[in-house]
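Shown next, in structure tokens, is the structure this report addresses.
Number of protein chains: 4
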Amino acid sequence: VLAGRTLLQQALPVTFGLKAAGWLTGVERAEARLGELAGALPAQLGGAAGTLASLRGPAAAGASGEGEPAGPAVLAAFADELGLAEPVLPWHTLRTPVAELGAALGVAAGALGKIVQDLVLLAQTEVAEIVPSGEGPGWGGSSTMPHKRNPVAAVLALAAARRTPGLVSTLLTSMVSEHERAAGAWHAEWETLRELLGLVGGAAAAAGDALDGLAVDGDRAASNLDATGGLLLAENVTTALVPALGRLAAHDLVTEACRRAVAEARPLRAVLLDEPAVTEHLSPSQVDDALDPARALGAAGVFVDRVLAARGGASGLTKGRG
Amino acid sequence: VLAGRTLLQQALPVTFGLKAAGWLTGVERAEARLGELAGALPAQLGGAAGTLASLRGPAAAGASGEGEPAGPAVLAAFADELGLAEPVLPWHTLRTPVAELGAALGVAAGALGKIVQDLVLLAQTEVAEIVPSGEGPGWGGSSTMPHKRNPVAAVLALAAARRTPGLVSTLLTSMVSEHERAAGAWHAEWETLRELLGLVGGAAAAAGDALDGLAVDGDRAASNLDATGGLLLAENVTTALVPALGRLAAHDLVTEACRRAVAEARPLRAVLLDEPAVTEHLSPSQVDDALDPARALGAAGVFVDRVLAARGGASGLTKGRG
Amino acid sequence: VLAGRTLLQQALPVTFGLKAAGWLTGVERAEARLGELAGALPAQLGGAAGTLASLRGPAAAGASGEGEPAGPAVLAAFADELGLAEPVLPWHTLRTPVAELGAALGVAAGALGKIVQDLVLLAQTEVAEIVPSGEGPGWGGSSTMPHKRNPVAAVLALAAARRTPGLVSTLLTSMVSEHERAAGAWHAEWETLRELLGLVGGAAAAAGDALDGLAVDGDRAASNLDATGGLLLAENVTTALVPALGRLAAHDLVTEACRRAVAEARPLRAVLLDEPAVTEHLSPSQVDDALDPARALGAAGVFVDRVLAARGGASGLTKGRG
Amino acid sequence: VLAGRTLLQQALPVTFGLKAAGWLTGVERAEARLGELAGALPAQLGGAAGTLASLRGPAAAGASGEGEPAGPAVLAAFADELGLAEPVLPWHTLRTPVAELGAALGVAAGALGKIVQDLVLLAQTEVAEIVPSGEGPGWGGSSTMPHKRNPVAAVLALAAARRTPGLVSTLLTSMVSEHERAAGAWHAEWETLRELLGLVGGAAAAAGDALDGLAVDGDRAASNLDATGGLLLAENVTTALVPALGRLAAHDLVTEACRRAVAEARPLRAVLLDEPAVTEHLSPSQVDDALDPARALGAAGVFVDRVLAARGGASGLTKGRG
């Protein structure tokens, strides 16, 4: 059980498993898409204007002049030699394959960036819900600040995720190219694509390093969940009181108890157990149950199971297709 | 037969059919990808932290407390009601579906932009290889400049193609979001995605308008191809002379003829027919054949046929998958 | 005194004043740059090709034909009427003024985004070093989660800061325009610039709302600074021991003390005071001084004074020019 | 006199001088801005959290403990040593200086890109209004296509101009950084800024190469201006007829003449001189004058003079400040 957070403030609890399952869906989807594109990457060979006009077979015996166009056959052999797919036509200024690859790399970087963003936030001194092992290349120490576990690999992956969107935009811009060979657009792709490949490959490795050997500090997570003195789960008390009091009265009663808990800096549980209108209907153990984060996980476990079951399917994002 | 151009200068000839076939591959691929994503767009419903913890069934008869988590069942019904796919888990901060959709819209805008970029260049006063019909909304006239056919729809589509890459980069940046509800990333998506949808839809409509009622001016294309006095196809003369002279001598002979054609501002054909070393081996009609753009189209027709044959397949980009 | 953080982990202490002074430099610089550009924004009027050829004065009395070119005079009057600067020449496809304005808006959004990013992090449940007043539009409450102070205005400003970079890139891309009137580039600017103006104006207002009525919780900051049990300032103890022990021995002694403090989960102060090699040279109050965050603020106060002194100068970023 | 073009179609004539004067304003402005920023680039030194807390002077004689904070003095000396400006405060996570530099590089790339975009379009086979010298590195030849003058340097500069906007967006995104040392944002700047510097420096050199040794082909420009058979300047004939016929009748008369010129593929001059309603009021030489591009240049010369006069001023963009 880990604090779930909305807008970086604690909300309802989630499990670390649910968080990690979500990360997994993004990475697997990115991997599937990249694999799909890589497996169909077409070779490009077209000559000066995409007709392969200079490639001709030998003249037939006894005939003068030249033979039949040999472009398609050469193109097929060329693609085969490179282990690439054979394109339907030369695509020197039809850059969909490069743009799609770049876009998929951008999505992959985002999915990796999401993971390490969460790790960096969880590793904050004041949160500390994850514990880097201290071994491996993912987390650095500091001799002058021995408490620090610098998220060096996560930071690398975050930097990569910040650099990719601009590079993807360059590849998309380069799709608008002139005639049969562009004046600048094509040339803008070269280093950009190379950087994207390097950054996303590096981000994947770094995210792996950041995750490797990481432990979740359940005690710290529990203690963080306690930071609000039970206010997090106040709504559960309301729900428990509804059968007896009706929704409106239950809501008002609990809201007032929350107000007093904050004003008096006391745990919500103590305030509730001092309140006859509550104790008339709920026993202390029922109050404890209502305020127990472990009982407020909803369908977290179900969703984790669904993610694991969907692995290896065509798409990890939707249930029907998993 | 239309002038093929590399870096905006005439190179070997291509057909308008090859150009249009290439445009078609980009648009069909974009359409297929968008259809694939739209058909699997998952619904999103997760509650405060993605567990749907507040959704519970009624308590069993005779039992106290609440019933089983009802989140997954509600989520399935919710997705069904909206006609969207059921996600494996709530994805409030796992933005792959939105990022993939945005990226596909960016690729679509690029494929459309390529088409209208070519149209605008072909419609230049000095090129004029396409002839707008003057009817329909795609091309505007001017009462003060009656010769102009302003490419108004093409310009709209080009503007859209210029705006999409930056918007896609915003969506990719927004994938790096915090915990269970992001502080800003998610909110940056709303208008951005709406604009992308509007721009790409608008660009598709505008590109259609720009293409609608367009005719190719074959005479003008032929006359443009003649602008270099045959230099464009000089290499074909070399090829024709190789059997008699060998590659090096043939190349030197033709290069010298080209140099003189430029220096004397004469057609290459005339220079060649004045040259005994050429006429010894090639008749005037063989020279004409070598310099005939219509005989220098290589595999253009084959490639067009392949594109048409691949239509409706899973992917128009590669041959094996078409 | 507030925890200074590197890579989101506690490092040496800083004051809230230093943090806010830094924010101020970014905002003031952005304001100065925007004011500079807005004050020199040139009018644009050029006719079909930038020559204002259709504007001519009346023919001289008795003369036939037309008079002198009146373009420059009309342009001057036009700029005056609009309250804009008079350009040296029509700039329909010379988009530096728009690109510079867009870039300055992007820098402003970044400076604002830095402020609210820090606020959002400081407002985390587990950090809580700032206390929203609960009044005003900047921070939202939640009836079901009464402990939450949602940073609604900060989130708006962060969303704006995330959207601006892509929009600025569109304006920069639009500088590469064709001849005397671009086919698409110019048209891509319109909505993009309008959005930038709206987003940055909105971000400034929202950042103001987020800051308005905010208090710093000094007790919480102090307690956060205590979270590492003194490890944060271990280096200060080393420094205090150097005169007696030499640098190397002092370093080793303190490092070992830190290691034990972590292993035994005790405050560093207690471990140090148990160590004769320390107490031989430092009194308990000297150890307290060394570990006191308020004595470890370096030049924070000096820098704050410098920022305040530089206000209203030509540039708040550098000292010599302030 | 060169064809002015709107949306890539011929409009009213401009001079090459006006075109080049416009290019000059963009480059000079970019140079001035880059010089301004480079001259005020602040050094950065701040220690772990921006306080320079570890820098202290020696203790006063006879006193125990340490001396006064030495951070500001060290920072001043450090900046001086590097030849950089002294910042008002350490700015590790206040990235305005880097973002402003990046933005200025982006604007510079756009101003350079505009130049080479025009060059590439003017060098098209069908336009050919500029004549590369064939010497120097800016324009490449082709042995197989001897007519081609490939704009190799212009293409390099265009590629750079296409790559810069996305890189600038990365720097702007990186302004939103966390606390006193960012987790990823800062790290995303390093290579990005280095690339921007390289690309813009390279683009400036390449644009210089593209311009070097370039000649304008006035005959070709004149012949291109003739391509529409005088339609370009039809409005001037209308203006000349207004005193005699009134605006509406003059407009209708000329519009009809234009229609007939297009339909019959005759020069407008010939059609006009066949028309008694025209010849009654205008002599052949008056018609020639009205259709003469050299008389339709408006204030082109005035604007060129203004640009040249503004050189070396604080800003070449506006008149008052030049």
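Residue numbers (my numbering), protein chains in the order written: chain A, 1 to 322; chain B, 323 to 644; chain C, 645 to 966; chain D, 967 to 1288. Backbone N, C-alpha and C define an ideal beta-carbon position, used for all residues, glycine too.
Proximity test, Cβ basis, 7 Å: A645(B) and chain A: Since the first residue shown for chain B is 323 and the last is 644, residue 645(B) is missing from the structure and cannot be characterised.
Partner residues on chain E for S491(B), Cβ-Cβ distance less than 8 Å: Among the protein chains of the structure shown, namely A, B, C and D, there is no chain E.
Nearest-angstrom beta carbon gap, L374(B) and V396(B) [assumed within contact, 8 Å]: 7 Å
Whole-number beta carbon distance between T836(C) and L811(C), since they are thought to touch under 8 Å: 5 Å
Inter-residue spacing [alpha-carbon to alpha-carbon] between V658(C) and R1061(D): 19 Å
Neighbourhood of V420(B) by C-beta, 7 Å cutoff - its chain only, sequence neighbours within 5 removed: L493, E511, L515
Exposure label - S177(A); buried when at least 16 CB within 10 Å: buried
Cβ shell of A482(B) (< 8 Å), same chain only, five flanking positions each side left out: A431, L434, G435, L521, V522, G524, A525, A528
Test item: CB-CB of S496(B) and A505(B) under 7 Å: no
C-beta neighbour in chain D for H187(A), strict 7 Å: yes
Helix, strand or coil at R321(A) according to DSSP, with G and I counted as helix: Residue confidence is low: R321(A) scores 41 on pLDDT, short of 50, so the model does not pin down where it sits. No coordinate-derived value is stated.
Proximity below 7 Å, CB of A475(B) to CB of A532(B): yes
Span of the alpha helix (DSSP H) around A647(C): No alpha helix (DSSP H) contains A647(C), which is instead part of the beta strand (DSSP E) from 646-650.
Closest residue to G4(A) among L340(B), R378(B), A585(B), A371(B) (Cα-Cα distance): A371(B)
Minimum length 4: unbroken alpha helix (DSSP H) runs contained in the stretch 140-189 of chain A: 152-173
Spatial neighbours of H1217(D) in its chain, beta-carbon cut-off 6 Å, leaving aside the 5 residues before and after: T1204
For P72(A), three-class secondary structure by DSSP: helix
Rounded separation between A77(A) and H187(A) - CA only: 26 Å
Rounded C-alpha distance that separates L1003(D) from L1048(D): 16 Å
Identity of the residues DSSP links to I774(C) by a beta bridge: V860(C)
At least 3 beta-carbon pairs within less than 8 Å: the stretch 87-94 of chain A vs the stretch 340-352 of chain B: yes
Simplified DSSP assignment, three categories, for Q44(A): coil
Exposure of G67(A), with buried meaning 16 or more beta-carbon neighbours within 10 Å: exposed
Residue environment, E908(C), which counts as buried when at least 16 other CB atoms sit within 10 Å: exposed
Contacts of Q688(C) in chain D (Cβ-Cβ under 9 Å): By Cβ distance, chain D contributes nothing, its closest Cβ being about 11 Å from Q688(C), past 9 Å.
Boundaries (first-last residue) of the beta strand (DSSP E) holding L978(D): 975-980
Alpha-carbon to alpha-carbon, L478(B) and V459(B): It should be pointed out that residue 459(B) corresponds to Pro in this sequence rather than to Val. Their backbone Cα atoms lie some 12 Å apart in a straight line.
Beta-carbon contacts of L575(B) that lie in its chain and below 6 Å, excluding the five residues immediately before and after: A599
Spatial neighbours of L699(C) in its chain, beta-carbon cut-off 6 Å, leaving aside the 5 residues before and after: A714, G715, V718
Closer than 7 Å at the beta carbon, the chain C residues around K148(A): Q653
Contact set between the stretch 1043-1075 of chain D and chain C, restricted to residues whose Cβ is under 8 Å from the partner: A1051, E1052, P1053, V1054, L1055, P1056, W1057, T1059, L1060, R1061, T1062, P1063, A1065, E1066, A1069, A1070, G1072, V1073, A1075
As assigned by DSSP and simplified to three states, the class of A85(A): strand
Cut-off 8 Å between Cβ atoms - residues of its own chain near A1266(D), not counting five sequence neighbours on either side: V980, T981, G983, L984
Own chain partners of P267(A) with C-beta closer than 6 Å, once the 5 adjacent residues on each side are dropped: G229, G230
Under 9 Å by beta carbon: chain A residues contacting Q768(C): R5, L8, Q9, Q10, L121, Q124, E126, V127
Chain C within 7 Å of E1144(D), Cβ atoms only: yes
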